[in-house]
Amino acid sequence: MWLFPAPIEIDPDLPATVGGSPLAAELLARRGLTTPGAALAFLEPDRYTPAPPAALPDLERAAERLYTAITRGEKIAVWGDFDADGQTSTTLLVSLLRDLEADVTFYIPQRLTESHGIKLEPLNRLLDQHIRVLLTCDTGIAEHAAIAHAKSHDVTVLVTDHHDLPDELPQADALINPKRLPADPPLRSLPGVGVAYKLAQQVLHLAGSDELAGDYFDLVALGIVADVAHQSADTRYLLQRGLDRLRNTRRLGLQTLMSVAKIDPAHLSAEHIGFGLGPRLNALGRLGDANQAVELLTTTDLTRARILSAQIEGLNNRRKLLMDQIYLAAQEQIAKDSSLLDYSALVLSNPYWHSGVVGPVANRLVEQYARPALLLVTGEDGVARGSARSTPDVDITTAIRMCRQYLNHFGGHPGAAGMSLPTDNLSVFRTALSKAIDAIRDETVLPSGLPIDSELSFDQLTLEWAEQVERLAPFGEGNPRPTFATRNVAVEHDRTFGRKGEHREVTLADAAANVQKVIWWRGAEADLPPGRFDIAYSISSTTFRGEQALNVEWIDFQVAEAPAIEVVVPAVELEVLDWRTRFDVAQAVLELVNRGRAVVWSDGPHATSFPIARRYDLSEANTLVIWSPPCGWREVAYALERVNPKTIVLCAVDNLDDRFDPFINRLAGLLKHDLNQRGGHVDITRLSAALGQRLVTTRKGIEWLEAAGQIQVVEWSENQIVIERDNGQRSDETDEIKSALRVLLAETAAWRAYYHRMTVEQIRSIG
């Protein structure tokens, strides 16, 4: 469902703020920026007045104590956290203290062995070094025991954090946390690195070195985007300043990290941090030692920076592989036990999952199943530890807090949390959490759907307009990239591109015959909409070979509304016969076929006494018999469109094995046939039907066979390829491709399992 905007009144002076563009003024107004002053403060950091550091509770007191420790030569320990926000916070404070020639050490715990927070054993090692000040960043707000322990050794404890407040605050000497402020002030959305920066500002002011504050803006930008902080007020201002600094950063570690991520610093955007730099830093914290991030971000040794960046790149590749494996295992659990979907939260556990990456996998499951997801690793000590991710209408930390009697420990944000609990409590916790979510769900949250910012015709899409839209950047949480829609368009031409033909460039024409090219990333395996339709897209100004160009990216489509025509026809409901458990199903279908009343659809291999058609050979008939469980919803819809039946007969004769080895062996056999009989020419659509798989799965299987050295693809167009026998050289990408392929196969297996339990009404709704 698309959510189109209601009409809005625009201040007549607002368009002049954005170069005279009424459309850009409308975008600003819909973001609540209704006056020229507010718009300019949003667009231009020079026009925004940031809040003073002293607006944060306890900050002045903490800065004064920290500056005193610097001048006295007291040893200061910075305790950080292992995610990208914690890494940048730690680096910022360590850099500040080193720049002021303080006696400083730092510590970031290991995710796998220590988890979040302050643990007593490493704290005692710092106390043995005679530290006088313990300064936390991105952690500490709930560390009652550790703080009390440090203070018992006459250590000053200064906490900088941004996580939700516990019921009772610890007895630290200073607790700097924007959550202690009322809901609306401009500092409320600061992440950990933003809080650390405000403290650094005040310390530099005390030292008479205010001009040095800009040196840390690049770190602030990294942490803000990587922590998905809400980009409003001071947080947005800091990000704007930080992106400018990051594009010209002098940090060798960031230069080399951007190089391995193939990011051009001159054109770096918030999206490059969110999808490039942030995940790499988080991979270090999830799978390696986050203390190395501080070394990377502070080193002046280019060789060392390159070594560390290469190591991080390796960890990032491993992270993606592990995430695919866990996602696969989660899908298999759901396929085997569909009752897991009867709860308001998806709670899954496994003793073999890597605890460092369960959080991002939980996020993928939230997107797929539209409910909070918790993934837990069950240990030999009888404790399950893991992470939760949530939907916008559920404050997952509050819901978990309501079930705290079953937990050992928990903490987090409305959208994400971490917890541990006895493994024996998993079942009762799942039930209690489901009830808690139902009790606190925020019904005022907008219904799910795609928000459309404005309707345009293609003749309005110009480079100048894209540049006006880019003025609203940086985009991200709290300031999403605008989505536009054009109604009643049709496909004039399309082509696939990319190394494996995975992307699609579609040339569209609107109702006035204006033509526009749109890029559909990963769209090659999807069917183009038939006839006329509405398209949703984003636009941007990009640089290609040194020249500015308009870039339009496909987001979604929906069938265009047909003009209303009054035609009186009798209502005919699609008849659905459920024969999925019928013992004599083969004989019953044979009788239907012999009476000339049915076409039987089954992809993949089959051996029956009646003719069977695969999906691309279907034709119109009164009755469609679905003989075997299909591979996906799209394929069912396609079959119904081709046959246009009055009656559907559901059968469930399993004829396919969706495990990797059986699939790849059958694929290799079919390709061998095409090599021998068709000169290596392969029709991917018909190959997919013969395999009983989706197009995307077939493409990924071909990609694996090529990487494994079994074939070589010499030509790849939209749905046709030409292959040759390969020389047997194996690529380094085989494991990564295999992992992704297993995920695709698991998704298909889960859908086939779902087909077995679909109701007649659910089947009828597809038709």
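Per this note's numbering: the sequence shown = residues 296 to 1062. Glycine residues also receive a C-beta, built at the ideal position from the N, C-alpha and C atoms.
Practice prompt. Could you tell me whether the Cβ atoms of Asn645 and Leu670 are closer together than 9 Å?
Written response: Mapped onto the sequence shown, residue 645 falls at position 350. Mapped onto the sequence shown, residue 670 falls at position 375. Result yes, Cβ atoms of Asn645 and Leu670 sit closer than 9 Å.
Practice prompt. Output the distance between the C-alpha atoms of Asp380 and His562, rounded to the nearest integer angstrom.
Written response: Taking the first residue of the sequence shown as 1, we reach residue 380 at position 85. Taking the first residue of the sequence shown as 1, we reach residue 562 at position 267. Roughly 23 Å between the two C-alpha positions.
Fill in: Separation of Ile1016 from Ile979, as counted between CA atoms
If you number the sequence shown from 1, residue 979 lands on position 684. If you number the sequence shown from 1, residue 1016 lands on position 721. So the two alpha carbons sit approximately 7 Å from each other.
Fill in: Own chain, CB closer than 8 Å to Leu635, minus 5 neighbours either side, in chain order
In the sequence shown, residue 635 corresponds to position 340, counting from 1. The answer, listed in chain order, is Gln628, Ile629, Leu641, Val642 and Leu643.
Discussion item. Rounded to whole angstroms, what is the Cα-Cα separation between Ala491 and Ile413?
Written reply: Numbered from its first residue, the sequence shown carries residue 491 at position 196. Numbered from its first residue, the sequence shown carries residue 413 at position 118. So the alpha carbons of these two residues sit roughly 18 Å apart.
Worksheet entry | Inter-residue spacing [alpha-carbon to alpha-carbon] between Ala780 and Ile850 | For the purposes of this step, residue 780 is taken as residue 485 along the sequence shown, with counting starting at 1. For the purposes of this step, residue 850 is taken as residue 555 along the sequence shown, with counting starting at 1. Roughly 10 Å separates the two Cα atoms.
Item to complete: Could you pull out every residue in the same chain whose Cβ sits closer than 6 Å to the Cβ of Ala319, ignoring the five residues on either side in sequence?
Response: One-based indexing of the sequence shown puts residue 319 at position 24. Hits under 6 Å: Val313 and Gln763.
Fill in: Given Leu354 as reference, the closest of Lys370, Ile303, Phe299 and Ala469 once Cα atoms are compared
Stepping through the sequence shown from its first residue, residue 354 is reached at position 59. Minimum Cα distance to Leu354 is reached at Ala469.
Practice prompt. Output the distance between the C-alpha atoms of Gln1024 and Glu1010, rounded to the nearest integer angstrom.
Written response: Taking the first residue of the sequence shown as position 1, residue 1024 is located at position 729. Taking the first residue of the sequence shown as position 1, residue 1010 is located at position 715. Roughly 19 Å separates the two Cα atoms.
Practice prompt. In angstroms with no decimal places, state the Cα-to-Cα distance between Ser484 and His457.
Written response: Within the sequence shown, numbered from 1, the residue matching residue 484 stands at position 189. Within the sequence shown, numbered from 1, the residue matching residue 457 stands at position 162. Near 8 Å, if we compare the C-alpha coordinates of His457 and Ser484.
Worksheet entry | Simplified DSSP state of Asp851, which is helix, strand or coil | Here residue 851 refers to the residue found at position 556 when the sequence shown is read from its first residue. Reduced to three states, the DSSP call for Asp851 is strand.
Worksheet entry | His649 versus Arg613 - alpha carbon distance | Stepping through the sequence shown from its first residue, residue 649 is reached at position 354. Stepping through the sequence shown from its first residue, residue 613 is reached at position 318. Using only the alpha carbons, I get a separation of about 11 Å.
Practice prompt. Can you grab the Cα-Cα spacing for the pair Pro300 / Ser752, in whole Å?
Written response: The residue you call residue 300 lines up with position 5 of the sequence shown. The residue you call residue 752 lines up with position 457 of the sequence shown. Each residue's alpha carbon lies about 16 Å from the other.
Worksheet item: Which class does Gly744 belong to by DSSP, given the choice of helix, strand or coil?
Response: Walking along the sequence shown from the start, residue 744 turns up at place 449. Coil.
Worksheet item: Would the stretch 446 to 461 and the stretch 343 to 361 be scored as touching if the rule is three or more Cβ pairs under 8 Å?
Response: yes
Practice prompt. On a CA-only basis, which of Arg342, Phe705, Asp341 and Arg427 is nearest Glu438? Give me that one, please.
Written response: As a first step, residue 438 must be located in the sequence shown, where it is residue number 143. Taking only the C-alpha atoms, the option nearest Glu438 is Phe705.
Worksheet item: When DSSP labels each residue in this structure, what does Asn1064 get in the three-state scheme?
Response: Since the first and last residues shown for the chain are 296 and 1062, residue 1064 lies out of range.
Worksheet item: Short check: CB of Arg1020 to CB of Leu970, under 9 Å?
Response: The residue labelled residue 1020 in the question sits at position 725 within the sequence shown. The residue labelled residue 970 in the question sits at position 675 within the sequence shown. Yes, these two residues count as a Cβ contact at 9 Å.
Worksheet item: Given that a residue counts as buried once 16 or more other Cβ atoms are within 10 Å of its Cβ, and exposed if not, what is Leu597?
Response: Your numbering for residue 597 matches position 302 in the sequence shown. Classification of Leu597: exposed, given that the 10 Å Cβ count is below 16.
Discussion item. Here's the rule I'm using: 16 or more other beta-carbon atoms within 10 Å means buried, otherwise exposed. How should Pro473 be labelled?
Written reply: Residue mapping note: residue 473 aligns to position 178 of the sequence shown, counting from 1. So Pro473 counts as buried.
Fill in: Nearest to Ala440 (by Cα), restricted to the options Leu421, Gln466 and Glu848
Residue 440 sits at position 145 when you count from the first residue of the sequence shown. Nearest of Leu421, Gln466 and Glu848 to Ala440, Cα basis: Gln466.
Worksheet item: For the beta strand (DSSP E) that contains Asp398, what are its first and last residues?
Response: Along the sequence shown, read from residue 1 onward, the residue named residue 398 stands at position 103. That run of the beta strand (DSSP E) goes Asp398 to Tyr402.
Item to complete: For Val880, I'd like the list of residues in its chain whose CB is within less than 6 Å of its CB, leaving aside the five on either flank, ordered along the chain.
Response: Reading the sequence shown from its first residue, position 585 is the one you call residue 880. The answer, listed in chain order, is Trp874 and Cys946.
Worksheet item: From Leu745 to Ala984, what does the alpha carbon distance come to, in whole angstroms?
Response: On the sequence shown, position 450 is the one that residue 745 refers to. On the sequence shown, position 689 is the one that residue 984 refers to. Approximately 32 Å between the Cα atoms of the pair.
Worksheet item: Thr431 and Gly489: beta carbons closer than 9 Å?
Response: For this step, residue 431 is matched to residue 136 along the sequence shown. For this step, residue 489 is matched to residue 194 along the sequence shown. Cβ distance not < 9 Å, so Thr431 and Gly489 don't count as in contact.
Worksheet item: Just how far apart, CA to CA, sit Ala866 and Trp928?
Response: Taking the first residue of the sequence shown as 1, we reach residue 866 at position 571. Taking the first residue of the sequence shown as 1, we reach residue 928 at position 633. Residue placement at Ala866 is poorly supported in this model, since its pLDDT is 46, which falls under 50; the coordinates are not used for a value here.
Practice prompt. Determine the direct distance from the alpha carbon of Gly651 to that of Asp953, and round the result to whole angstroms.
Written response: Mapped onto the sequence shown, residue 953 falls at position 658. Mapped onto the sequence shown, residue 651 falls at position 356. Roughly 28 Å between the two C-alpha positions.
Worksheet entry | Cα-Cα separation between Ala372 and Leu322, rounded to whole angstroms | Residue 372 sits at position 77 when you count from the first residue of the sequence shown. Residue 322 sits at position 27 when you count from the first residue of the sequence shown. Cα-Cα distance, rounded: 46 Å.
Item to complete: Report all residues from its chain with a CB closer than 6 Å to the CB of Met553; omit the five preceding and five following residues, and keep chain order.
Response: Looking up residue 553 in the sequence shown gives position 258. Around Met553: Pro560.
Discussion item. Pop quiz: Leu281 and Pro769 are said to be a contact at Cβ under 8 Å. What is the actual Cβ separation, rounded to whole angstroms?
Written reply: This structure gives no information on residue 281, because the portion of the chain shown stretches from 296 to 1062.
Fill in: Spatial distance of Glu304 from Arg782 (CA atoms)
Position 9 of the sequence shown holds residue 304. Position 487 of the sequence shown holds residue 782. Taking the straight line joining both Cα atoms gives about 23 Å.
Practice prompt. Measure the alpha-carbon distance for Gln620 versus Glu750 and round it to whole angstroms.
Written response: As a first step, residue 620 is located in the sequence shown; it is residue number 325 there, counting from the start. As a first step, residue 750 is located in the sequence shown; it is residue number 455 there, counting from the start. Near 41 Å, if we compare the C-alpha coordinates of Glu750 and Gln620.
Worksheet item: Quick one, which of Asp949, Met618, Thr918 and Thr718 has its alpha-carbon nearest Thr903's?
Response: Against the sequence shown, residue 903 aligns to sequence position 608. The shortest C-alpha separation from Thr903 is found at Asp949.
Discussion item. So the candidates are Gly818, Leu1039 and Val784; which of them puts its Cα closest to the Cα of Glu800?
Written reply: Within the sequence shown, residue 800 is the residue found at index 505, counting from 1. Residue Gly818 is the option with its Cα nearest to Glu800.
Worksheet item: Hey, out of Gly573, Arg581, Leu549 and Phe512, whose CA is closest to Ala600's CA?
Response: The residue labelled residue 600 in the question sits at position 305 within the sequence shown. Taking only the C-alpha atoms, the option nearest Ala600 is Leu549.
Worksheet item: For the beta strand (DSSP E) that contains Asn971, what are its first and last residues?
Response: Along the sequence shown, one-based indexing puts residue 971 at 676. Element bounds for Asn971: not the beta strand (DSSP E) but the alpha helix (DSSP H), Phe955 to Gln972.
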